[in-house]
Structures are given as structure tokens and as C-alpha cells.
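Working notes, structure below.
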Amino acid sequence: MEGYRSFTLILIIGLFLRTCHCVLGSDSGLLITPEERVELREEARDMFYHAYNAYMENAYPADELMPLSCKGRWRGKEPSRGDIDDTLGNFSLTLIDTLDTLVVLGDVNEFERAVRLIIRDVSFDSDVIVSVFETNIRVLGGLLSGHVLAEYLQLNLNVMPWYRGELLKLAKDLGFRLLPAFNTTTGIPHARVNLQHGLKVRGLESSRETCTACAGTMILEMAALSRLSGEPIFEEKAHRAMDELWRLRHRSSDLMGTVLNIHSGDWVRRDSGVGAGIDSYYEYCLKAYILLGDDRYLGRFNKHYSAVMRYISQGPMLLDVHMHRPHSNSRNFMDALLAFWPGLQVLKGDLKPAVETHEMLYQVMQRHNFLPEAFTTDFQVHWGQHPLRPEFLESTYFLYKATGDPYYLEVGRKVLKSLQKYARVPCGYAAVKDVRTNVHEDRMDSFVLAETFKYLFLLFSDPSDLLLDLDQFVFTTEAHLLPLTLARSTNVSLVNLANSIELNGADLTGDDLPDARICPNTQHLFPEKVRRPLRNLVDGVCPRKELKRRLKAVDFQMGNSDHMKLLKEMGINIMALDDGRVQLVHAFGNAASSVDAEEGLIFMQEMVELSKSYTPQMETMQQAVSFTDSSNKQIVIPAGPAHFGRILRLPVDKVTAKVSVALPVRGCETLSWPETLNGRIVILERGDCMFVEKARRIQKAGGVAGIVIDHTVGTSVTKSTMFAMSGDGVDDVTIPMAFLFYDDAVRLLEAVRKTPSIDITISSFAALEDETRSHTKGKEITLEPPSKNSALEKIKESIIKFINNPIPHKTSGLETKSVPVLQPPKSFPEVHSSAPSDTLFRRSKIPHLNELLLSIVLQSDTEILKGLVHSELPIPSDLLAKVKDKMPMRDLQLFNTLAHQGLFTLNEETIQSLDLDYLLNTNNQGKHLRQSYSGPHLGSATPVPFNAAPVDETEGTEELCADCSQEDKNVISATIQQTSPIEDDDKRSTLENFRYPDEL
């Protein structure tokens, strides 16, 4: 490779973290005795009832309790809090969300009373807009879990004999009210819906965006509703949404973005992590497999999990990256919602990283008493709120279940005492507005009772303390219980829980006990070893002893073998990134000892400080694209470089060649007609795949260089930040690549279209001679926009209008996707999006690139031209003359198809420019043809496909084509025979039944 690698240091500090106990021996020395555990269990029970009773006595039937005001929070009666209020629907949210917690605590009597209250008081027939996601996981999930447990108790404890599935009926009613949200072109649901009017209310008709978690956290509840009620539509809708999300993942990284357009599927926010906006999508991929037994979800989860561990997991930290540039972090803080991830890793069976990440979170929690809503990579508060979230306790519970390590009981005690000290108020528990001041907020979300206290109680409980065998259930993201027996049930009315779930210990003795058939768990020895290197690392938690330093960051030399050996002993690995930069990763588990690990931490902290005082230059040289335009003026356009391939630096180091356009234009599939690219600079459009993948395809086709053009209108070197195109770490590209912003590329594309044989040069921008660079005068270059009246601008306006206002697809029952909706002809007709996404002639988002592509294609042979009948490309009027030279005008069916595909408008001007008079005026067949094309430009109605009136097969053939060969005469005659008059005016005007000839 003739390029080079930059050595900017990226410090990924897997710092982390000591336990608060600061002991050198085993941290299991702080064992909680059985008596203490019982006390903590009962204290957790008391905490639940303190909050539950406060809600029932002061707030019910309102949705939530306001613990400082000691009253209920009603939707529309309290000052709006913005989107957070979309959780509320005036449907007794907290009580529904809490139903199964009452059963977990063994309070059957209160559970029965709560069920009666819900049946009596709750209705969903309200003119209120709610969050589809929150209503699904809290309300629908709560009703389904309540129904399952009501039948379970009815069958096993002979209680609630009066219950007849009323909760399931409520769940079904709610499910149907949520269904309108799924009425989108992609199947991805709207973020909000009106429970009474669906989407037909102000503010919802124009909604376009939702988060990945919002759309991907429906499958458990919807599938359970279908399988319990016998209505398959709920599960079908949820499966389709999950399928579409999987299709929209980034194919190279297998990561998901955060926010997307529900109609187009385009990503709006490409940040990728495991926290807010994405979290429960990953969770439901795995749990859908567990609950439903559907193998496809396991495969999807494994793909996503590998991607997360490769790109997002950095030591114990989980840092968001760009889904399309996964080696680049998108932010330097973490949010509290990612605390669920260690619990999911336990379910996956990957314990070591679960222990590490949980330990990091615990250290942060110790430092601030609670886990802040967001915190930075050096554990400072980024967002100070703490709404008493359950995710950290959830992971603590599952780690204890998996390992049996009493350390996690101590973690639970710490959380419990913080809640008691800093969140308890006379009327329940109040959220903490800022963990730095412990000021309260008048808020107690329903998940405090549904999840936080549930997990806290379960952590200190033995299986024998519970009515349920929790191993027979799946916890939803809201900690609701759904039975594993649903995997065997496909759209049945009810699940016979009596035959599949047994009371804990009931009727089981000796070897029949489940634990008697399980090997002893020694995993509690493993987490302590993983945690040991993570001690004494978060400032302010425990004192740190003085270390004897062997290597300081300021003395470090990259090529020194002794220094490299010391780094390895300290647990520091040096990794080369895909874009050529170097990353230092500190993993305490890799250090030779805990002392070495701590020295490694100090070294990394010093490197951070050094990096703050170092301002690296952009070592990858900025490139330039230059050419001489039709006025003999030298044009120089600054271009972005690449972190792969050949980097052009010196004045003599440049590439000059003629240009071609890649087909397909984004270069993400095998390039067609590679012989047209050989020895040329190839132009491509940005998008769909990595830059380096485009470069490889160009190189394979024989291209000498590539220019990638941004498709975002309005970007330019003077308005946008220049960047270098990233690679993937494989050093196999030897050609140079350059990147041009949209506005900068217009001048280049216009020049190439006017003069296809023009020579283009790619070189180093800095190495250009002064007289060449003088064109930029500090502003790089001023590009003259095309005339507003030009054909280019008209096409641009048409395509932009189409992109912003796509035409609904119609096929009149035809299944093929290549049948477009034909519109009445206009000067520059809009193109339709119904062609297959992988079509060779895929429409570019860059109008000028479409122009250039057509210009090149129309210079090729007739077979390529025929391919245009299935394309999405309009032909501007200044290119019509080329059609005359390349298309056989006697192929009337091809002519007809091209016209009605919208490739040009048939009017007097085009008839003259294409010299069609000899077809339209010289004989009876031509006259009928002309009449069949009568349209707005010829004084009649919408043009229709060629269907001439029946005539004598041979009449006028000689007159039509006196100098034709017999073969040509036969073609014309056969074409005429295939035609018949259109008698149905509707068909004539709409053309919805028009189909292309098979041979085309």
C-alpha cells in the first residue's frame, strides 16, 4: 500500500473499579447471614407496601402517585411534562403494572382485590394519545401477566373462582386499540396512538419517527396476547415489525441505530449502543426465542451480540458508536438504562463481561449513592436525575441467581439502604432530581412497584419463599411474568397452567426436587476473581496506597520493547484500528497482578492528560479534484481523503484520467460493464455500504481512482466539516479515493456531462502549485449553480419533490414490483419508486449524477438502452436526440414502452426532434398510432399505451417502410397485429393494467 497509517492514540480506559470494601482478600468475606437476609427480605416487603399503600390511599384510580404532593397524577389535570406524560392514559397505570408483584410477594388477597378494582374501574375508551411502547410493556404486559397468574392461582390454590378471563378481555380490547399504530408502509409502528381515534387526530397524521426499542419491544406481549386470545393479528404485526428492523440493521456492522423513519425505514439517528432508544430491542430478540421457541430470533440476537461486544463493549464500559462507523464513538457518556445489559448477558451465558460491567456500575452507584441517569467515562455525573430505576437491581438479581455469589446480596443491601435514606418520604418514595444534592422530585413511576421492589424482594428471597417457580416464566422488560408454555401454544384460547407449572415444592420430594438434578454451582468463585483487579479505582470511594512507578506516560516510546512488555504486565493492549490509528485498551483481568493493574490505570490516566494538551494535525492529506472547464478555466475542488488506499501527497503524485459512472451508482453490488470503467476515474454515490467496499469494486473493475459524492443537498467544503473516509482494517486497496460534498460535485458533474472526454485529476490539495490554488482564494472554490430554468434544475426539483412526497404504489393486483403507476405526461415527469431496490439503473439522489449516468448509457449499445424500460431514470430533453440515433424507431413496442415509462413526453416537439413523422403521418398505421397517443400536448386526454385500431395486416406496410428488409417488415406487421382498440375509458385513462412485453 502506498498510503500510510496515522498513529493518533485513542485511549479506551477500562478503568474500573474497585469494590467499596477495599480489602485485599476475598470480597466474599462480607457474607450476609441467613438471619440478615430474612431481615432484608422483610424490609424490602415493607418498602413495597409503604409505596403501594400510599398510592392506593392517596392516588388510585389515578395513573401515578405524586409522593411529595401526596395525591394522584391525572393526565390533563397536572401541568404537562412533555413526552413523559404519554405513559399516562387515565387507566390506573400503577395498579395494572403492579398486579404480578403482589403475587410474587404472596399476597393473594390483595391481588384478588386489585383484579376486581381493575375490572370495575378501568376502560380504554378514552380520547387520549399514549405511547405505544409504554402502554404495551406496562399496561398490556401487566394485564396479560395478571390474567395468567389469576388462572394459575385459580387452578392451583382454589381461589378466585369467580374469575372468567376479564383481564384478558381488557388486554384484547387494548390490543385492538394499539393496532392502528402498525398501519405504516414498513410495518414499523407509530410511536403514539389515540386510544379512541387511532391516528386520525391532530398531531399524529404527520408523525414519522420512532426509536428502535419502541418498535422492537412488542413481540413478547403481542405474541402472548395472540396465543392466549386466539387472535393471530397481534403476533403477526409484531413479527413484521421485528423482521423490518432486522432488515434495516447496518449490514457491515450488524448494529442498529437509535431513531428511524417509520415510513421509509431511513435512519434518523445512527448512534448505536445498548442504552436508551435501543436497549429492549436486543432484549426481546433473545427473549422471543426463549418464550416462543422461534430460532430466527436467536440467530439475530447472536449477530447483534457479537457486534455489540466487538464495537460497543470497551472494557467494562459500553460506549455508543456510529452504526456505519463502528470504530468511532458517538458520545463519551453512558446512560443508566444500559444497566440491564449484564442481566441479559447472564441469560446469554456470558458471565465474565457481565461481572465486569456490573462491577463498574456498582462503583459508580457507590460514588453517587444512586446510578445517575447518565455519567461520563471518568464517572462524573452527566445527567443527575435518578427516577428509582430497576435495571441495576435486575442485573444484580440475575447475577446472584447465576453465580450464587453472596457479594451480590451485599450490593442489594447497599441499594436498599440508599433508597431508604435518600428516596423514602412519608407518602411513598420520591425520585431524586439530582444525585449530587439528593433533592427530591414529585414523581414515583409505576415501575418502582412493578420492577424495582420486585427485584429487591426476589434478591433476598429463597425459592421456597415464593408461590411461583420463576424458572417457568420469562420476565418481560417491565418484569411481567409470561409462562414458557406459550412456546407450545399457537393461537389457543388459554394455556393449561395446571399441567405445566407447579407450586414450588408442592408434591415434590427427594430426587424429584428440581435442584436435585442440577450440578452444584461453583460459579461464585469466578466473579470474585474477575472483580479483584477492579478495586480502588474510582476516586472518592476508597483510599489508594502509593505505588512505585516503573513507566510514566511521558516517558513511553512506541518502539521500545521494554516499554511494550511493561504495558502488557499492566494489562494494557495496543490495538490497530481499522482506519490506521492506534488504540490503548486497559483490561484489569489481563494484568499480571492487582498492583500492576493499578499502575496501568495511572498510566492510562496520564495518557488522557497528555492527549488533552496535544492537538493532532490531520495526517491524512487533503486531496483535490481538478479539471479545465469549457471556458478553459482551471477548476480546483477540495476533496476528502481516505484512511485506506493510495494517499496522494507530492506534486508529481497524481492520477489523471477520463471518468465513468458506476452501475449501480452506489457501487455496493457487483459492477456491470466493468470494461467501461477500466483505466478510468469512477464516480459513485455515497450510501448503502462502506467506502472501502466501493473502492474494492472499482479496483476489481480496473478503475484507477474513485470519487464518492455526498447525496445530502447543501453540503460543501465551506459549510461542512471535512473528514477522511474510514476503512475496515484490511490493507488491500491500492487506488486513491476522494470524497466530494454535494454542492462541490455539481460543477464536476456538469462539466463531465457537457464534455464526456474531459480529463479529471486527483492530487494532493496542499501540493498544487500556487497558480492552481489561487482559484480558491481562501474559500476553496466558488461553484456557480446551474440556471434555475435549465433542464437540470427542473429534473432536480421533480426528483426532490418525489423524494419528499412519494407516490403510493399501485399494482392492480399484480405481484411484480416492477409495474409502476403511470402518471399523465409532464414536461419533466416524476419518477416512481416501484422498481426493485437492486435494479441496475437505480435512481441516484443526485440529479446531476442521473444526468451523467444517462448520458453515458445512451452512448452504449441498444441492449443497455432497452434496460432503461425498467429503470427509474428520466431522460432530459437535451438528450432525446441521442435516443434517435441509438434506438431502432421501427421497434414500435419499445418506443411505446419508453414513452409511457416516463422517459420522455410525446408532444409535437419530441415528435419533431425524434423525426417520428414518418411513423405518425405517412400511413394508416401511423395515424392510428398518433391518435392513440393523443394527450394534453396534442389536444386530447391522458396518453395510453399503443393500441392502434384494427386494420388490414398488410395495408401500408410497403409505404411505411419501402426500403426495409423483409425481416423488418415482418417485425412491424407482427407488432401491429398484437394491437387492439381500448374500449374501456377507465383503462385508457389510468393505465393500471398496462404491462411491459416479456421480451423487454
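Be aware that the sequence shown starts at 1, since it is given in full-length UniProt numbering, and climbs by one per residue.
Every residue, glycine too, gets a C-beta built ideally from N, C-alpha and C.
As the structure is a computational prediction, the values presented were derived from the model and not from experiment.
Take C70, set aside five residues on each side of it, and the residues of its chain with a beta-carbon closer than 6 Å to its own are N58, C427, in chain order. DSSP lists S626, T656 as the bridge partner or partners of T761.
By the criterion of at least three beta-carbon pairs nearer than 8 Å, the stretch 650–657 is in contact with the stretch 697–707. The beta carbon of M66 is closer than 6 Å to those of R73, D442 in its chain, skipping five residues each way along the sequence.
For V708, the beta-bridge partners assigned by DSSP are L684, F739. Burial check for V355: the Cβ neighbour count within 10 Å reaches 16 or more, so the residue is buried. Taking all protein chains shown into account, E36 has fewer than 16 neighbouring C-beta atoms within 10 Å of its C-beta and is therefore exposed. Each residue's CA atom was taken as its position, placing T135 and N109 some 26 Å apart.
W162 counts as exposed, since fewer than 16 other beta carbons sit within 10 angstroms of its beta carbon. Under the DSSP assignment, G216 falls in the alpha helix (DSSP H) whose first and last residues are 212–216. In the structure shown, the three-state DSSP call for N573 is strand. Every beta strand (DSSP E) stretch that sits fully inside the stretch 358–408 and reaches 3 residues is listed by chain position as 374–376, 381–383.
Taking C-beta separations shorter than 6 Å and ignoring five residues to either side along the sequence, the partners of C668 in its chain run D688, C689, following chain order.
By the Cβ criterion, the stretch 45–56 is in contact with the stretch 420–440, since at least three pairs of Cβ atoms, one from each stretch, lie closer than 8 Å. Residue ranges of uninterrupted beta strand (DSSP E) with 3 or more members, entirely inside the stretch 183–257 and ordered along the chain, are 192–194, 209–211.
Shown here, I635 sits in a strand according to DSSP, grouped into three states. If the five residues before and after R436 are omitted, its C-beta is found closer than 8 Å to the C-beta atoms of H368, V381, G384, all from its own chain and listed in chain order. Between the C-alpha atoms of L167 and L199 there is a straight-line separation of about 25 Å. W267 is bridged by DSSP to L260.
In terms of Cα proximity to F124, the closest of L88, G106, V474, F453 is L88. Counting C-beta pairs with one atom in each stretch, the stretch 387–394 and the stretch 358–375 have three or more that are closer than 8 Å, which means they touch. Taking the C-beta atoms as reference points, T396 is found nearer than 8 Å to H358.
Annotation for T476: I137, G141, S145, L220, E221, K287, L482 place their beta carbon closer than 8 Å to its own, counting only its chain and skipping 5 residues before and after. A distance below 8 Å separates the beta carbons of E451 and A479.
In the DSSP assignment, the residues bridged to H322 are D271, R325. For V474, the enclosing beta strand (DSSP E) covers residues 473–475. In the three-state scheme derived from DSSP, where H, G and I count as helix and E and B as strand, R753 is classed as helix. Under the three-state reduction of DSSP, R666 is assigned to coil, being neither helix nor strand. The DSSP assignment places 166–178 as complete runs of the alpha helix (DSSP H) inside the stretch 143–190, in order along the chain (cut-off: 4 residues). Nearest Cα to L102 within the set K352, I233, D462, A150: A150. DSSP, read as helix, strand or coil, puts P67 in coil. Rounded to the nearest angstrom, the gap between the Cα atoms of S446 and Y407 is 29 Å.
Within 10 angstroms of the beta-carbon of S561 lie fewer than 16 other beta-carbons, which makes it exposed. Restricting attention to F765, D731, P638, M607, the CA atom closest to the CA of K719 is found in P638. Straight across, the Cα-Cα distance linking T676 with Q699 is about 13 Å.
Around the beta-carbon of N332, fewer than 16 other beta-carbon atoms lie within 10 Å, marking it exposed.
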